[in-house]
Amino acid sequence: MKKLVLSGFLASEEIYINQLEALLLPMRPLKATATTSQPVLTIQQVETIFYKIQDIFEIHKEFYDALFPHIQQWDEKVAVGHLFQKLNLKVKGPKDSKDCNTNVTMEALLYKPIDRVTRSTLVLHDLLKHTPKDHPDFPLLQDALRISQNFLSSINEEIDPRRTAVTTPKGEARQLVKDGFLVEVSEGSRKLRHVFLFTDLLLCAKMKKTSAGRHQQYECKWYIPLADLTFQLLDDSDVLPHIQVLPEHEIEEMKTKISVIKSEIQKEKKALKGQSRNVERLRKKMNEQESWLLLHSPTIPFRIHNKHGKSYLFLLSSDYERSEWRESIQKLQRKDLQTCQLSSVELQVLTSSCFKLRTVHNIPVTSYKDDEETPGLYGFLHVIVHSAKGFKESANLYCTLEVDSYGYFVSKAKTRVFRDTTEPQWNEEFEIELEGSQCLRILCYEKCYDKTKLNKDDNEIVDIIMGKGQVQLDPQTVQSKNWHMDVIEMNGIKVEFSMKFTSRDLSLKRTPSKKQSGVFGVKISVVTKRERSKVPYIVRQCIEEVEKRGIDEVGIYRISGVATDIQALKAAFDTNSKDILVMLSDMDINAIAGTLKLYFRELPEPLLTDRLYPAFMEGIALSDPAAKENCMMHLLRSLPDPNLITFLSLLEHLKRVADNEPINKMSLHNLGTVFGPTLLRPSESEVTKGHITLATDIWSHDVMAQVQVLLYYLQHPPISFAELKRNTLYFSTDV
Numbered sequence: 001m002k003k004l005v006l007s008g009f010l011a012s013e014e015i016y017i018n019q020l021e022a023l024l025l026p027m028r029p030l031k032a033t034a035t036t037s038q039p040v041l042t043i044q045q046v047e048t049i050f051y052k053i054q055d056i057f058e059i060h061k062e063f064y065d066a067l068f069p070h071i072q073q074w075d076e077k078v079a080v081g082h083l084f085q086k087l088n089l090k091v092k093g094p095k096d097s098k099d100c101n102t103n104v105t106m107e108a109l110l111y112k113p114i115d116r117v118t119r120s121t122l123v124l125h126d127l128l129k130h131t132p133k134d135h136p137d138f139p140l141l142q143d144a145l146r147i148s149q150n151f152l153s154s155i156n157e158e159i160d161p162r163r164t165a166v167t168t169p170k171g172e173a174r175q176l177v178k179d180g181f182l183v184e185v186s187e188g189s190r191k192l193r194h195v196f197l198f199t200d201l202l203l204c205a206k207m208k209k210t211s212a213g214r215h216q217q218y219e220c221k222w223y224i225p226l227a228d229l230t231f232q233l234l235d236d237s238d239v240l241p242h243i244q245v246l247p248e249h250e251i252e253e254m255k256t257k258i259s260v261i262k263s264e265i266q267k268e269k270k271a272l273k274g275q276s277r278n279v280e281r282l283r284k285k286m287n288e289q290e291s292w293l294l295l296h297s298p299t300i301p302f303r304i305h306n307k308h309g310k311s312y313l314f315l316l317s318s319d320y321e322r323s324e325w326r327e328s329i330q331k332l333q334r335k336d337l338q339t340c341q342l343s344s345v346e347l348q349v350l351t352s353s354c355f356k357l358r359t360v361h362n363i364p365v366t367s368y369k370d371d372e373e374t375p376g377l378y379g380f381l382h383v384i385v386h387s388a389k390g391f392k393e394s395a396n397l398y399c400t401l402e403v404d405s406y407g408y409f410v411s412k413a414k415t416r417v418f419r420d421t422t423e424p425q426w427n428e429e430f431e432i433e434l435e436g437s438q439c440l441r442i443l444c445y446e447k448c449y450d451k452t453k454l455n456k457d458d459n460e461i462v463d464i465i466m467g468k469g470q471v472q473l474d475p476q477t478v479q480s481k482n483w484h485m486d487v488i489e490m491n492g493i494k495v496e497f498s499m500k501f502t503s504r505d506l507s508l509k510r511t512p513s514k515k516q517s518g519v520f521g522v523k524i525s526v527v528t529k530r531e532r533s534k535v536p537y538i539v540r541q542c543i544e545e546v547e548k549r550g551i552d553e554v555g556i557y558r559i560s561g562v563a564t565d566i567q568a569l570k571a572a573f574d575t576n577s578k579d580i581l582v583m584l585s586d587m588d589i590n591a592i593a594g595t596l597k598l599y600f601r602e603l604p605e606p607l608l609t610d611r612l613y614p615a616f617m618e619g620i621a622l623s624d625p626a627a628k629e630n631c632m633m634h635l636l637r638s639l640p641d642p643n644l645i646t647f648l649s650l651l652e653h654l655k656r657v658a659d660n661e662p663i664n665k666m667s668l669h670n671l672g673t674v675f676g677p678t679l680l681r682p683s684e685s686e687v688t689k690g691h692i693t694l695a696t697d698i699w700s701h702d703v704m705a706q707v708q709v710l711l712y713y714l715q716h717p718p719i720s721f722a723e724l725k726r727n728t729l730y731f732s733t734d735v
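In full-length UniProt numbering, the protein residues as written are 1 to 735.
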């Protein structure tokens, strides 16, 4: 790892020396004209602009020439810390250097020397991570890092954390029925509001900062008496406020950043350094980022209309919440309500009571949770949706299943539509991957086929919710080998379902293959050799079918296929049935996507191999981009050919799926989350030796790293097998 880090830095050092040479080109003629009768710049201006560029060039050239032979003839006992010490002591820059955003301008080149110190600081961190404490290089590297950090702190201003936590309220004579945080679209932008539903009115408030600091208050933005409140859809004459929707990739990038911070917090806690201040700083940063996500991710509109005045628009993250708010309001409206007008004093009293009486205290972000709070379940939840009763009229009916992941609910499965019935019998089984989940929701819909009833709003779900309900995923109840049968009652409708749970530590287990025939659970090299193919037939056929008719399917690879369909396809591939192609063309596309995922999950060892797992975990944690690139490409070269060619085929396929993200809603990050833990897992020996703590620890930290590894390759420019094997950079060695 140390050699990989250094060779990556050496490659980027070569580029940097070329950039310094590019700066010297204009500097020399400018300096020459400074002493003539018509100078372009004075000698003082030239020296200020090109501050010590010649010196810096010579220092880095000397550093490069000294490090190069060490990389060529590598010896792990060699010490390089003195080279970094020398480099950092000599490189001093002007204190008022300004950052520049562009990469190609003269200004950007002039900023490079400062930028280079930040790069070498990251490299020193990586080198220390992979240098034993008893190695003679360790104290030298520590000293070089100290010099580098002192220099950076002298030119950086400390940035104050910008945002403090927001909190929230309940009622008395007029009772508080429900409250929670909603995103309101106000004056064209998103605002986080705390909304309070009282027995006779709906009040929308925002947190008011007080000079006293501790005592927080609410400020009323508006209220509507329930007697005057309607949900009527706006007609064309109404002017709709512009809804600001960010591109999906920005939302996914923020989720990635939050994942990285979560894993950093875990590392800090594991290190037991007692640096609670650092954990606190990371938590604060995570809180800011999660609050941003909370504000920008909801897209489902919920309109409130005052029949004597304005309309208001909220955005929610789940259809479940929208129907909950609507039902709570409609239930209260069934009583004989009188319209009310509050005086400014009454309004002030009511608003100030909100803080004491609230039921939802904190905005729903994970950074508010105590470490002792239940972390939720990690693993696979098997759910069979059996049937439903209680419908008064025949309808076309289906169910969707949602689970929460760090506070956000995601739709994970959908039954087929049972046509024209009052007693649908679905009997469909789904396997749902859980990531810290605590709750399962079932929503029952009536399918709308009448195109005249389509809502003009893109985000509106046109199918009618007939009922909804949720169950807590209690580890004690769920974690048994047997199916647990349950009934959810919703609006007079009863949905019967069964579930059982496989924890992550059990699903990690890969059984050594004794099978010689078939493809599931058989080594990939055995299958490709038998088929005389580079990529297993099952992988090629599933990819082809998904690209043919699943590329526009919303939630492809995320939404579970029916388990019985997946098992039928598995049996057909294992027996090399002649009907495979017919089955594939007839089968629901989510079942085909599920079969491909199952194939990778049941390999005797993960596609990216047990042997390389620790190196992938170390490589993705490297801070220096050049070292990371060097290491991650080297790891691919180290894979057996069948694994590598199959991985590259899958990679290109997933990129093509993500190209259709506006339609299928599957971004690179979503696909990385689905496939990362399937392609990359710790080996049985790692687990049994106790090197990896199972359950929560492995999932709060390792899974994020696994997702990051796949995401790294997904975001990388196309990788060619031939070029990868040809390109060995500075050296070629086994990991």
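Glycine included, each C-beta is placed from N, C-alpha and C at the ideal position.
Because the structure is a prediction, the values reported are computed rather than measured.
Would you check if the distance between the CB atom of residue 413 and the CB atom of residue 401 is smaller than 7 Å? yes
Which of the three DSSP states, helix, strand or coil, is assigned to residue 715? Reduced to three states, the DSSP call for residue 715 is helix.
From the DSSP output, which residues share a beta bridge with residue 220? 205
Given a cut-off of 7 Å on the beta-carbon distance, is the pair residue 4 and residue 630 in contact? yes
From residue 327 to residue 654, what does the alpha carbon distance come to, in whole angstroms? 40 Å
Using the beta-carbon count (16 or more within 10 Å), is residue 77 buried or exposed? By the 10 Å Cβ count, residue 77 comes out exposed.
I need the boundaries of the alpha helix (DSSP H) containing residue 354, first residue and last residue. 344-357
So the candidates are 633, 708, 544; which of them puts its Cα closest to the Cα of residue 649? 544
Would you decide whether residue 331 is buried or exposed? Buried here means 16 or more other CB atoms lie within 10 Å of its CB. Counting Cβ neighbours within 10 Å, residue 331 comes out exposed, since fewer than 16 surround it.
Distance check for residue 445 and residue 193, CA to CA, integer angstroms please. 29 Å
Since I believe residue 636 is in contact with residue 719 (beta carbons under 8 Å), could you give me their beta-carbon distance rounded to a whole number of angstroms? About 7 Å separates the beta carbons of residue 719 and residue 636, which is inside the 8 Å limit, making them a contact pair.
Through-space distance from residue 491 to residue 468, alpha-carbon basis: 8 Å
At the level of alpha carbons, what is the spacing between residue 552 and residue 664? 5 Å
Classification of residue 195 by the beta-carbon crowding that lies within 10 angstroms, buried from 16 upward: buried
In this structure, does DSSP put residue 258 in helix, strand or coil? helix
Where do the N-terminal and C-terminal ends of the beta strand (DSSP E) with residue 437 fall, by residue? Segment 425-437, the beta strand (DSSP E) holding residue 437.
Using a threshold of 7 Å, state whether the C-beta atoms of residue 594 and residue 566 are closer than that. Yes, Cβ-Cβ distance for residue 594 and residue 566 is below 7 Å.
Less than 7 Å between the C-beta atoms of residue 205 and residue 337, yes or no? With contacts defined as CB atoms closer than 7 Å, residue 205 and residue 337 fail to qualify as a contacting pair.
Any idea what DSSP makes of residue 615, helix, strand or coil? Here residue 615 carries a helix assignment [DSSP, helix/strand/coil].
Per-residue DSSP class, three states only, for residue 699: Because residue 699 sits at a pLDDT of 45, beneath the cut-off of 50, its placement in the model cannot be relied upon, and the point is left open.
Over the uninterrupted alpha helix (DSSP H) stretch that includes residue 641, give me the two end residues. 641-659
Determine the DSSP secondary structure at residue 551, reduced to helix, strand or coil. coil
Thinking C-alpha only, which one of 50, 40, 8, 573 is nearest residue 64? 8
Suppose you measure from the CA of residue 721 to the CA of residue 632; what does that come to, to the nearest Å? When rounded, the distance between both Cα atoms is 14 Å.
Spell out a yes or no on whether the stretch 562-579 and the stretch 666-684 are touching, meaning 3 or more CB-CB pairs, one atom from each, closer than 8 Å. no
Three-state secondary structure (DSSP) at residue 313? strand
I need the DSSP call for residue 496, collapsed to helix, strand or coil. Shown here, residue 496 sits in a strand according to DSSP, grouped into three states.
Measuring CB to CB, does residue 126 end up less than 7 Å from residue 623? yes
Counting beta carbon pairs with one atom in the stretch 21-35 and one in the stretch 135-146, are three or more of them shorter than 8 Å? For the pair of segments examined, the stretch 135-146 was found not to touch the stretch 21-35: the number of CB pairs separated by less than 8 Å stays below three.
Since residue 617 contacts residue 262 with CB under 8 Å, what's their CB separation in whole angstroms? 15 Å between Cβ atoms; not a contact.
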